[in-house]
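>
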Amino acid sequence: MNLDNQQTLYLQIYETIKHDIIENKYAEHEKLPSIRNLAKKLGVNNITIVKAYDTLEKDRYVYKKRGSGVYVNNLNIKKNILEEEILMETFKYGKLDVEGEINFANSNPNGNYFPITKFKNCINFVIDRDQEKIFAYEDPKGYAGLRSIISKHLEAEKIMTHPEDIQIISGAQQGIDLITKSLIHLGDNIIIENPSYSGAITSFKRGGAKVIDIPLLEDGIDLKNLKKILAKEKISYLYLMTNFHNPTGISYSKKKKLKILELAEKHDFYIIEDDSSSDLYYKDKPFSLKSMDTGERVIYIKSYSRIFMPGLRLGFLIAPKDKLKYISFTKFHTDISTPGLIQRAFEHYLSSDSWEIHTKKLRSIYKKKFEVAYDLLKKIKHLKLFAVPQGGLYFWVKLDKISSEALFLKALQKKVGILPGSIFKLDEKSDGWVRLCFADVEIEEIKKGLNILKESVEELYNL
Numbered sequence: 009m010n011l012d013n014q015q016t017l018y019l020q021i022y023e024t025i026k027h028d029i030i031e032n033k034y035a036e037h038e039k040l041p042s043i044r045n046l047a048k049k050l051g052v053n054n055i056t057i058v059k060a061y062d063t064l065e066k067d068r069y070v071y072k073k074r075g076s077g078v079y080v081n082n083l084n085i086k087k088n089i090l091e092e093e094i095l096m097e098t099f100k101y102g103k104l105d106v107e108g109e110i111n112f113a114n115s116n117p118n119g120n121y122f123p124i125t126k127f128k129n130c131i132n133f134v135i136d137r138d139q140e141k142i143f144a145y146e147d148p149k150g151y152a153g154l155r156s157i158i159s160k161h162l163e164a165e166k167i168m169t170h171p172e173d174i175q176i177i178s179g180a181q182q183g184i185d186l187i188t189k190s191l192i193h194l195g196d197n198i199i200i201e202n203p204s205y206s207g208a209i210t211s212f213k214r215g216g217a218k219v220i221d222i223p224l225l226e227d228g229i230d231l232k233n234l235k236k237i238l239a240k241e242k243i244s245y246l247y248l249m250t251n252f253h254n255p256t257g258i259s260y261s262k263k264k265k266l267k268i269l270e271l272a273e274k275h276d277f278y279i280i281e282d283d284s285s286s287d288l289y290y291k292d293k294p295f296s297l298k299s300m301d302t303g304e305r306v307i308y309i310k311s312y313s314r315i316f317m318p319g320l321r322l323g324f325l326i327a328p329k330d331k332l333k334y335i336s337f338t339k340f341h342t343d344i345s346t347p348g349l350i351q352r353a354f355e356h357y358l359s360s361d362s363w364e365i366h367t368k369k370l371r372s373i374y375k376k377k378f379e380v381a382y383d384l385l386k387k388i389k390h391l392k393l394f395a396v397p398q399g400g401l402y403f404w405v406k407l408d409k410i411s412s413e414a415l416f417l418k419a420l421q422k423k424v425g426i427l428p429g430s431i432f433k434l435d436e437k438s439d440g441w442v443r444l445c446f447a448d449v450e451i452e453e454i455k456k457g458l459n460i461l462k463e464s465v466e467e468l469y470n471l
């Protein structure tokens, strides 16, 4: 091992051992040299080796046995590499690019709805106002002005939180990854809904957690199943999307939300609440699990991507103070901070009446789309809706005796994109489910696309 004095020594040691593990130069569970022996061999002090081994353990390349030593965790590395290969196969479903396509796969808002002119004015305003400050690094927690206005907006959601308890993040996926890197340890048990968001499943598994899925009912996860698991296992976290769930569109009942909070207190676990669609309600405005959280059991992630401009990559996270400090530390070491120009411009946008005007407009547009799609879906034989959503962007549809992958390919041939249910399953088996999203399609496209889907189902059914 050749060490270069121009680079931090412990990182050189870390990178060398990491490379050797990935290249299978160590046997499975092989014991690494003791701290003292390796330090002596390399001519460095013991602290340098301790830091290298600690970093390897944090990144799941090794594990420690108290009183015994440090061991290679290359079984976990091989598992991660295998999962990456599988994910690369499924990733293509979310990146459909067919000329003339009607895309029910994409969950990003249609670009025609972006308030570009108003946001451009916000950018120009804050550049004039803040001058050079706008191009400097922001506080790793986020621009103070943005955290302050978010705190005020949250009061209407019945979430009372101080700006210091808010962490600005670059979208919900970064929030999930920061939680994984900061709080989740190798072997931790994490419960997720089945089906669930694939990005969360991947992040937790790559972080070394044991992911346990629980079936989703029309009003939330199956509590009987949850109680059985809690009676047998020590659970660290429960990951939920309580309002307008992705992919099913369901919302948790108030009774079930309160019961989950009660179980979290009783069994000492934390809840990760992923909220990306609650602004898109078509009837009553829903309240989050966080708004009912009196025991600081909920880590709340909010993304603006479903209702604003997703390319801005904006969101925030709220967590108990003892956990937020680790998340903020990890955020700093991930990308230092979310770009200040975007944060400051968005703060100015939120401070005006533009946000309320924009969200009200989007709810009206999406409600009309939802009604058209729902009326057409009800008329397609061999399809059955899991539930009738009260908001959000998704329909979760069961196929009768038809493979979802077969329907995916058949519809794609006709230039209509959908997502097979396997994307949202821990076991990667679709069981005949598909997700349809109407975010990026106009009403006439919805009509045409669902008629094509109807033809595709009938063709497959009559084979």
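Heads up: the sequence shown begins at 9 in the numbering used here, then just goes up one per residue.
Built from N, CA and C at the ideal position, the CB exists for glycine as well.
1. Return the residue from the list Pro-171, Gly-257, Pro-148 that minimises the CA-CA distance to Gly-400.
2. Comparing C-alpha positions only, which one of Lys-462, Ile-454, Glu-466 sits nearest to Glu-109?
3. Rounded to whole angstroms, what's the CA-CA distance from Phe-354 to Gln-175? Just pull it up for me.
4. Does the beta-carbon distance from Ile-243 to Ile-220 come in below 9 Å?
5. Pull up the CB-CB distance for Glu-63 and Tyr-121, whole angstroms please, since I reckon it's below 8 Å.
6. In three-state DSSP terms, what is Glu-467?
7. Using a Cβ-Cβ cutoff of less than 6 Å, which residues in the same chain neighbour Leu-40 once the five nearest sequence positions on both sides are dropped?
8. Considering just the uninterrupted stretch of the alpha helix (DSSP H) at Asp-282, what are its terminal residues?
9. Please go through the same chain and pick out, in chain order, the residues whose beta-carbon is closer than 6 Å to the beta-carbon of Leu-391, but skip the five residues on each side of it.
10. What number of angstroms, rounded off, separates the C-alpha of Ile-229 from the C-alpha of Pro-223?
11. Out of Ser-336, Tyr-18, His-27, which one is the CA nearest neighbour of Asn-54?
12. Throw me the rounded Cβ distance for the Val-80 and Val-70 pair, which I believe falls under 8 Å.
13. In terms of DSSP beta bridges, what is Ser-115 paired with?
14. Candidates Leu-322, Ser-313, Lys-263: which alpha carbon is nearest Phe-295's?
15. Since Ile-350 and Leu-322 are thought to touch, with beta carbons under 8 Å apart, how far apart are those beta carbons, to the nearest angstrom?
16. Please give the ranges of any beta strand (DSSP E) in the region 387-442, keeping only runs that are unbroken, at least 3 residues long and fully inside the region.
17. Using the Cβ count rule (16 or more neighbours within 10 Å means buried), how would you classify Asp-448?
18. For Lys-126 versus Ser-313, is the C-beta spacing smaller than 9 Å?
19. Got a sec: is the Cβ-Cβ distance from Pro-148 to anything in chain C below 9 Å?
20. Can you tell me the Cα-Cα spacing of Gly-457 and Ile-373, whole angstroms?
21. Applying the 10 Å Cβ sphere with the 16-neighbour rule, what's the burial state of Lys-100?
22. Restricting to Cα atoms, I'd like to know which of Phe-324, Pro-328, Ile-335, Leu-234 is closest to Thr-302.
23. Nearest-angstrom Cα distance between Cys-130 and Asp-435?
24. Is DSSP giving Ile-55 helix, strand or coil here?
25. Helix, strand or coil for Ile-229, going by three-state DSSP, please let me know.
This is what the structure gives:
1. Taking the first residue of the sequence shown as 1, we reach residue 400 at position 392. The option with the nearest alpha carbon to Gly-400 is Gly-257.
2. The residue given as residue 109 occupies position 101 in the sequence shown. Answer by Cα proximity: Ile-454.
3. As a working note, residue 354 is residue 346 in the sequence shown. As a working note, residue 175 is residue 167 in the sequence shown. Distance between the alpha carbons of Phe-354 and Gln-175 is about 15 Å.
4. Within the sequence shown, residue 243 is the residue found at index 235, counting from 1. Within the sequence shown, residue 220 is the residue found at index 212, counting from 1. Contact flag set, yes.
5. Counting from 1 along the sequence shown, the entry for residue 63 is found at position 55. Counting from 1 along the sequence shown, the entry for residue 121 is found at position 113. Per the sequence shown, residue 63 should be read as Thr rather than Glu. Contact flag wrong, Cβ pair sits at about 44 Å.
6. Walking along the sequence shown from the start, residue 467 turns up at place 459. Three-state result, Glu-467: helix.
7. Here residue 40 is taken as the residue at index 32 of the sequence shown, counted from 1. Answer for Leu-40: Val-78, listed in chain order.
8. Position 274 of the sequence shown, counting from 1, holds the residue named residue 282. That residue, Asp-282, is in no alpha helix (DSSP H); its beta strand (DSSP E) goes 278-283.
9. If you number the sequence shown from 1, residue 391 lands on position 383. Cβ within range, chain order: Val-405.
10. As a position in the sequence shown, residue 229 is number 221, starting the count at 1. As a position in the sequence shown, residue 223 is number 215, starting the count at 1. Distance between the alpha carbons of Ile-229 and Pro-223: 6 Å.
11. Here residue 54 refers to the residue found at position 46 of the sequence shown. The shortest Cα separation from Asn-54 among Ser-336, Tyr-18, His-27 belongs to Tyr-18.
12. As a first step, residue 80 must be located in the sequence shown, where it is residue number 72. As a first step, residue 70 must be located in the sequence shown, where it is residue number 62. Contact flag correct, Cβ pair sits at about 6 Å.
13. Taking the sequence shown and counting its residues from 1, the one referred to as residue 115 is at position 107. BP columns for Ser-115 are empty, so no partner.
14. Along the sequence shown, read from residue 1 onward, the residue named residue 295 stands at position 287. The closest CA to that of Phe-295, considering only Leu-322, Ser-313, Lys-263, is found on Lys-263.
15. The residue labelled residue 350 in the question sits at position 342 within the sequence shown. The residue labelled residue 322 in the question sits at position 314 within the sequence shown. Ile-350 to Leu-322, Cβ: 6 Å. Contact.
16. 391-393, 402-407
17. By one-based count along the sequence shown, residue 448 stands at place 440. Flag for Asp-448 reads buried.
18. Counting from one through the sequence shown, the residue named residue 126 turns up at place 118. Counting from one through the sequence shown, the residue named residue 313 turns up at place 305. In this structure, the beta-carbon distance from Lys-126 to Ser-313 does not fall below 9 Å.
19. Looking for chain C here will not work: only one protein chain is present.
20. The count along the sequence shown starts at 1 and reaches residue 457 at position 449. The count along the sequence shown starts at 1 and reaches residue 373 at position 365. Their Cα atoms are separated by approximately 18 Å.
21. One-based indexing of the sequence shown puts residue 100 at position 92. Because Lys-100 carries a pLDDT of 46, less than 50, the predicted location of this residue cannot be relied on, and no value is offered for it.
22. Looking up residue 302 in the sequence shown gives position 294. Of the listed residues, the one whose Cα sits closest to Thr-302 is Pro-328.
23. For the purposes of this step, residue 130 is identified with residue 122 of the sequence shown, where counting begins at 1. For the purposes of this step, residue 435 is identified with residue 427 of the sequence shown, where counting begins at 1. Going by C-alpha positions, Cys-130 is about 45 Å away from Asp-435.
24. For the purposes of this step, residue 55 is taken as residue 47 along the sequence shown, with counting starting at 1. Here Ile-55 sits in helix by DSSP.
25. In the sequence shown, residue 229 corresponds to position 221, counting from 1. Here Ile-229 sits in strand by DSSP.
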